[in-house]
Structure formats: structure tokens, C-alpha cells
Amino acid sequence: MTVKAVLAGSAGQGVPALGFLLAQAAFEAGKEVTCLSSLAQLLPGGPEDCTVAVSQEEIASPVASSPQIALALDEAGLARLVNQVAADGHLLINSSLVHSTVRRQDLRLLLLPAGQIAVKLGREQAAPLVMLGALAQATGMVSLKYLERALAAAEDQKPELELDLRALRAGAEQVRRAHS
Numbered sequence: 004m005t006v007k008a009v010l011a012g013s014a015g016q017g018v019p020a021l022g023f024l025l026a027q028a029a030f031e032a033g034k035e036v037t038c039l040s041s042l043a044q045l046l047p048g049g050p051e052d053c054t055v056a057v058s059q060e061e062i063a064s065p066v067a068s069s070p071q072i073a074l075a076l077d078e079a080g081l082a083r084l085v086n087q088v089a090a091d092g093h094l095l096i097n098s099s100l101v102h103s104t105v106r107r108q109d110l111r112l113l114l115l116p117a118g119q120i121a122v123k124l125g126r127e128q129a130a131p132l133v134m135l136g137a138l139a140q141a142t143g144m145v146s147l148k149y150l151e152r153a154l155a156a157a158e159d160q161k162p163e164l165e166l167d168l169r170a171l172r173a174g175a176e177q178v179r180r181a182h183s
């Protein structure tokens, strides 16, 4: 079965990098993967989306018209995703930046104050990684172990690596606590 996730935010939030990490983690786990980004680099704050498809089999198309998983980093991202997510799909929202109410009752909704969690960790820019850790824990699309490996490979020798790993783990821990 192919699982598709769409990550959405605005330029500067690292949406393509998040998608790459998710895809790399799935690849390291031995899955078939596609990763398709659409971004408006010429527009500061313009929309950025990334679709990641993961499967045990070859993936026919990287496009996701009704993804099973959606991650909204900001209000604009939520506006683009809320009506696309498949019924009974996961919708993860960074509630530090999104204050809209989701009216759909057919979704598995997770509101996570990723910005506040990242600030407590010491780096507000790590909020998207908090969300990615939560996505891994909530959906099982990839394991946290493989996300950590992908992040370590991408940030090898960078001083932020340890804090960014803590951000991934903090997102996963928030989901674990919410479901215990």
C-alpha cells in the first residue's frame, strides 16, 4: 500500500528539507519513495508544499490528490490542505502558528504547539522538526530511528544537530503522551 503525505507551509519554514528527511528516512528503511516539492522561491513567504509517497512496491505517481497524511506548518498551509486530506486521514497542525478551527469531523486531528516546544528546546527554527517527529509517531509512516539517521546524515558536523534531534524526539514524545 502506498502512503502519501503532503507537508505545507511558507517559504523559509524548510518544507522541502522536511520532505527530503521524510523521504530519506523511508528510503533507509528499505521502502520505495518519491518526493515532489513545489515552491515559490521568488516570493518571500510564498507557498511551499512537498508530497512524499512511501510504499513497499513501485510508486506509479508522486502526486497526491487525497493524501492520507497532511502536515500544516502555518495558516496558509492549512488552508491548502484541509479539504484535500482523505477521510480518516491524519491532519497535523502547528498550533503555535495556526489558530483556525478545522470543521471536518472525519479526520484524525493533532494540534501541536511546535513553536512553543522548539522555544523551550532553545531554537524556534526547530519547530518544523518537532512536527516531523510527531508525524512519525502519530502515523507510523516512518520510524523515529530512521528520521534520526536521516537528520544526522543531513546535518553531519553542524552545531544544531543535537538540538534538532531533540526536537524530533520532543514531537514524538508529545504524541506518545497524548495517546497514553
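Counting with the working numbering, you get residues 4 to 183 for the letters of the sequence shown. For glycine and all other residues, C-beta sits at the position ideal for the given N, C-alpha and C.
Exercise for the section: Pick out whichever of ALA175, ALA117, MET4 and ALA155 has its Cα sitting closest to the Cα of GLN16. Expected result: On the sequence shown, position 13 is the one that residue 16 refers to. It is ALA117.
Handout entry: For VAL88 and GLN108, the rounded distance between their alpha carbons
Key = The residue you call residue 108 lines up with position 105 of the sequence shown. The residue you call residue 88 lines up with position 85 of the sequence shown. In a straight line, the C-alpha of GLN108 is about 12 Å away from that of VAL88.
Practice task
Identify whether GLU78 lies in helix, strand or coil by the three-state DSSP scheme.
Solution key: Position 75 of the sequence shown, counted from the first residue, corresponds to residue 78. Three-state DSSP puts GLU78 in a helix.
Handout entry: Which of helix, strand or coil DSSP assigns to ARG106
Key = Taking the first residue of the sequence shown as position 1, residue 106 is located at position 103. Of the three classes helix, strand and coil, the one that applies to ARG106 here is coil, per DSSP.
Exercise for the section: Determine the DSSP secondary structure at LYS7, reduced to helix, strand or coil. Expected result: To locate residue 7, count along the sequence shown from 1; it is residue 4. Reduced to three states, the DSSP call for LYS7 is strand.
Exercise for the section: Please report how far the alpha carbon of ALA28 lies from the alpha carbon of LEU171, in whole angstroms. Expected result: For the purposes of this step, residue 28 is taken as the residue at position 25 of the sequence shown. For the purposes of this step, residue 171 is taken as the residue at position 168 of the sequence shown. One C-alpha to the other measures close to 13 Å.
Exercise for the section: Indicate whether at least one CB of chain C lies closer than 7 Å to the CB of LEU124. Expected result: Checking the listed chains, one finds no chain C in this structure; it contains a single protein chain.
Exercise for the section: Going by CA-CA distance only, name the one from VAL101, ALA63, ARG111 and LEU10 that's closest to VAL36. Expected result: Along the sequence shown, read from residue 1 onward, the residue named residue 36 stands at position 33. The residue with the shortest Cα to Cα distance from VAL36 is ALA63.
Practice task
State buried or exposed for MET4, treating a residue as buried only when at least 16 other CB atoms are found within 10 Å of its CB.
Solution key: For the purposes of this step, residue 4 is taken as residue 1 along the sequence shown, with counting starting at 1. It is exposed - the Cβ of MET4 has fewer than 16 other Cβ atoms within 10 Å.
Exercise for the section: Give the range of the beta strand (DSSP E) segment to which ALA56 is assigned. Expected result: Here residue 56 is taken as the residue at index 53 of the sequence shown, counted from 1. Run containing ALA56: 50-58, per the beta strand (DSSP E) assignment.
Exercise for the section: Pick helix, strand or coil for GLY125, following the three-state DSSP scheme. Expected result: Mapped onto the sequence shown, residue 125 falls at position 122. Residue state, collapsed to three classes: coil.
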